[in-house]
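Here the structure comes first, spelled out in structure tokens, and everything after it is commentary.
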Amino acid sequence: MVDPDVKLMLRFKEGNESAFRILFDKYKKKLVNFTYRFTNDRKTAEELAQEVFLRVYRAAPSYSPDARFSTWLFRIATNICLNESRRHRHELKTESLDASVDTDNHEIIREIRDNSVPAPAEALEEREMNIKLREAIMSLPEKQRVVILLHTYQGFSYREIGNQIGSSDSAVKSIIYRARQALITALGPYVRGS
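Position 159 of the sequence shown, counting from 1, maps to 158 under numbering that gives the first Met the number 0, and the rest follow consecutively.
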């Protein structure tokens, strides 16, 4: 079965501008969220997402569907984010305490939270946990950060991630394991209430 997004990209390759608009509308929010989690800066995230779409637009004449469209798209996004991270590593900031709670973090928080500790009772505590999680993710080595973001937040399979970063399924599993262990270590004292 052919990926419907691949069909849209092929239509765009043939000159159908509305096909690109459909892809843009479908993936804009996902890309901004992905780039935000990578950069932790909303303005930069929006600029990087625009850069991704610009590259997709420019790549249309040479587009060849070797994988799902989303895999190809997020490979471009990952490369752009890595380049940005390397250029501005010292400028990465953590989100302030008054920023909104990112509800997508609940899954990863639940994974690392000690089951004997009750869930935070107040929104302030939840915000603080989200900030600690973002800080911990931002402190991961680049490859671990990319893999954990693609797997946990974008839902990519080990194989899809492996295709994006040029690694085997087992290597991706290992990277995810090491990333989760690092997050547990970084967040352990906080989630246990120490």
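In this text, a Cβ means the ideal position worked out from N, Cα and C, and glycines have one as well. Fair warning: this is a prediction, and the values are worked out from it, not measured in the lab.
Local conformation of residue i per DSSP, three classes
i    : result
P60  : helix
R177 : helix
L30  : helix
Q153 : coil
R67  : coil
P188 : helix
L182 : helix
L47  : helix
N129 : helix
N15  : coil
N82  : helix
L139 : coil
D24  : helix
Rounded distance between the beta-carbons of residue j and residue i, thought under 8 Å
i    : j    : result
F33  : A76  : 6 Å
R133 : N39  : 6 Å
A178 : Q143 : 4 Å
V31  : A44  : 5 Å
T70  : E159 : 5 Å
E50  : I79  : 5 Å
L22  : D2   : Not really, about 11 Å apart at Cβ, beyond 8 Å.
A170 : L139 : In fact, because the Cβ distance is near 16 Å, the residues do not count as touching under 8 Å.
T72  : Y26  : Reading off the sequence shown, one finds Leu at residue 72, where the question assumed Thr. About 6 Å separates the two Cβ atoms, so the contact holds.
Endpoints, alpha helix (DSSP H) assigned at residue i
i    : result
S167 : Neither: S167 is in no alpha helix (DSSP H) and is coded neither H nor E.
V5   : 3-12
Inter-stretch contact at 8 Å, needing at least 3 Cβ pairs: the region 139-151 / the region 169-178: Short answer: they touch.
Contact between the region 49-63 and the region 4-12 (3+ Cβ pairs under 8 Å): Pairwise C-beta distances place the region 49-63 in contact with the region 4-12, as three or more of them are shorter than 8 Å.
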